[in-house]
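I have placed the structure first, in the form of structure tokens, so that the comments after it can refer back to it.
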Amino acid sequence: MLGCKDFYDKTAASWAEKGYQDAAEPVCMDEFCALLPAGGRVLDLCCGTGYESFRLRRRGFQPVGLDFSGESLAIAREKNPDVPFFQGNMLEPYPQVGQVDGIICIAGLVHVENQDLPLAFRRMSEALKPGGYLLVSVRYGTGRMEERSVTEIDGQTYDRNFIAHNEEELRSSIGEDLVLVRELPSDMKIWAYYLLQKIGEVSV
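Take 1 as the starting number for the sequence shown in the numbering used here and just add one per residue.
Quick look at the structure:
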């Protein structure tokens, strides 16, 4: 059985086709971006094919992307030649990204087990400037969703290990450097968006 990275390598083109549509932008993005300094650096974590980086660039920010799927990054670079994209795992250090004013992690945590959430947030905190903001989205619920995890494509079976999370699990995992500010509006009842901030001097 093939894994999560294989799944996104295989399906990169279809994610790009859907993701670059304007309607795919989260409804809370205006509220999040209003908190960031004009022209600031924003990490698009688990960026996939780069559609949120594209939107951030269009808003006047300096996006930088990180993802583990090489096929997804190839599309991201083709569509966004002026944006730096790096290949890497969100649970491993990513010093190549540098310090950023904000981080968006749209659906990236759906492949992170509960026991690894503290590490994921620690890596985000390492890249985020004091006072900087973080936007994460999670699938409402808790635990592995079998019907979303295993799929067959062209005769191959893929397991992307799709994990739902709730607010309590996030709060218990964010560590001492981050604070969960509030839940932001969502246009889909099954997805929750949370605003976090790194403790330190407030940037706005």
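No residue lacks a Cβ here, since even glycine has one placed at the ideal position from N, Cα and C. These figures come from a predicted structure and were not determined experimentally.
(request) Output yes or no for whether 8 Å exceeds the beta carbon distance between Val-181 and Gln-197. (result) Closer than 8 Å, so yes.
(message) Per the DSSP calculation, Gln-115 is bridged to which residue(s)?
(response) According to DSSP, which records beta bridges pairwise, Gln-115 is partnered with nothing at all.
(message) Just verifying my parser: in three-state terms, what is the DSSP assignment at Gln-96?
(response) helix
(request) Please check the pair Pro-118 and Gly-200, which I expect to be a contact at CB under 8 Å, by giving their CB distance rounded to whole angstroms. (result) Not quite, the Cβ-Cβ distance comes to about 19 Å (not below 8 Å), so this is no contact.
(message) Which runs of the alpha helix (DSSP H) at least 4 residues long sit entirely within the region 24 to 92? Give them in chain order.
(response) 29 to 33, 51 to 58, 70 to 79
(message) Along the chain, where does the beta strand (DSSP E) containing Ala-107 start, and where does it finish?
(response) First-last for Ala-107: undefined, no H or E at that position.
(message) Using a Cβ-Cβ cutoff of less than 6 Å, which residues in the same chain neighbour Phe-85 once the five nearest sequence positions on both sides are dropped?
(response) Gly-65, Leu-73, Ala-76, Arg-77
(request) Using three-state DSSP, classify Glu-176 as helix, strand or coil. (result) coil
(request) Quick one: give me the first and last residue of the beta strand (DSSP E) that Ser-137 is part of. (result) Membership of Ser-137 in the beta strand (DSSP E) is indicated by the continuous run 128 to 139.
(message) Please list the terminal residues of the continuous beta strand (DSSP E) segment that includes Lys-189.
(response) Note, Lys-189: premise wrong, no beta strand (DSSP E); not H, not E.
(message) With three or more C-beta pairs closer than 8 Å as the rule, is the region 108 to 128 touching the region 152 to 171?
(response) yes
(message) How far does the alpha helix (DSSP H) with Tyr-158 in it extend, from its first residue to its last?
(response) Following the DSSP letters along the chain, one finds Tyr-158 in no alpha helix (DSSP H) but inside the beta strand (DSSP E) bounded by residues 156 to 159.
(message) Here's a check: name, in chain order, each residue in its chain whose Cβ is nearer than 7 Å to the Cβ of Ser-173, leaving out the five neighbours to either side.
(response) Leu-117, Pro-118, Phe-121
(message) Cutting at 7 Å between CB atoms, please list the residues of its own chain near Glu-25, excluding the five before and the five after it.
(response) Arg-55
(message) Suppose you measure from the CA of Tyr-133 to the CA of Pro-93; what does that come to, to the nearest Å?
(response) 19 Å
(request) Could you pull out every residue in the same chain whose Cβ sits closer than 7 Å to the Cβ of Thr-142, ignoring the five residues on either side in sequence? (result) Ala-164, His-165, Asn-166, Glu-169
(message) At a cut-off of 7 Å, would you count Asp-101 as near the ligand MG, judging by its Cβ distance to the nearest heavy atom?
(response) Ligands in the displayed structure: none, and consequently the ligand MG is not present.
(message) Does Gly-143 come out as helix, strand or coil in the three-state DSSP assignment?
(response) strand
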